[in-house]
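Sequential numbering from 74 applies to the sequence shown in the numbering used here.
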Amino acid sequence: MQTISIKQQQYDLSPATLKQGSIFGAISNSAIEFLLSEGKLCEFAAQEVIFHEGEAGDSFYILLYGDVAFYKGHAERPTLIRTIVPGEALGYVTMIALSPRAGTARTEKNSLLLRIDSHVFAAFHDEHSFDFGIMILNLSRDMARQIQRLSGTIADLTDVTRTVF
């Protein structure tokens with residue numbers, strides 16, 4: 074992992090481009106610029122671990138470019154839980170829950186992520202409260218979609234032999 078400055082990077086980080094992702098949708102340009110300047114831009118090589126299951130969940134990441142796989146389970150046999158695409162967040166739930174990382178995140182190819190720690194998140198709330206509310210709504214929508222997918226997966230894996238209705 075390499076921390077880079079906004080001036081060092083070669084990606085298109087314009088608000089118009091970032092708003093195409095679910096997390097930045099409907100957020101003002103000035104709020105996006107605040108997050109880019111106050112957060113930490115992290116460039117990861119392919120197959121590099123972002124965080125390990127059990128580590129402190131004191132921040133979350135927004136994937137700006139690349140692909141990230143999220144695994145859970147034993148080191149000798151990890152299970153792919155989901156793939157994160159640009160514009161989505163990872164690690165948000167554990168930061169809010171004040172709990173350890175629930176799984177291991179690894180890049181699938183060279184990737185750029187924006188790390189938002191709890192201090193930057195609090196400052197974002199103070200400086201851009203309206204946009205903070207929109208971001209919380211966007212994060213909540215993503216979590217709701219994940220819960221829907223999870224419930225579908227559980228239903229597919231469960232052998233239901235009785236009629237409920």
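C-beta atoms are modelled at their ideal positions from N, C-alpha and C, and glycine is treated no differently.
| Asked | Found |
| --- | --- |
| May I ask you to verify whether the region 85-102 touches the region 139-154, counting CB pairs closer than 8 Å and requiring at least 3? | no |
| Just curious, the beta strand (DSSP E) that V158 is in, first and last residue? | Premise fails: V158 is in no beta strand (DSSP E) and is neither H nor E. |
| Please classify L230 as buried or exposed, where buried requires at least 16 other C-beta atoms within 10 Å of its C-beta. | exposed |
| Confirm, please, whether the CB-CB distance from I154 to G176 is below 8 Å. | yes |
| Going along the chain, which residues of its own chain have a beta-carbon closer than 7 Å to the beta-carbon of S184, five neighbours each way excluded? | F117, L136, Y138, G139, D140, V141 |
| With S224 as the anchor, note down where its alpha helix (DSSP H) starts and where it stops. | 202-230 |
| What is the C-beta distance between A162 and F133, in whole angstroms, given that I count them as a contact (C-beta under 8 Å)? | 5 Å |
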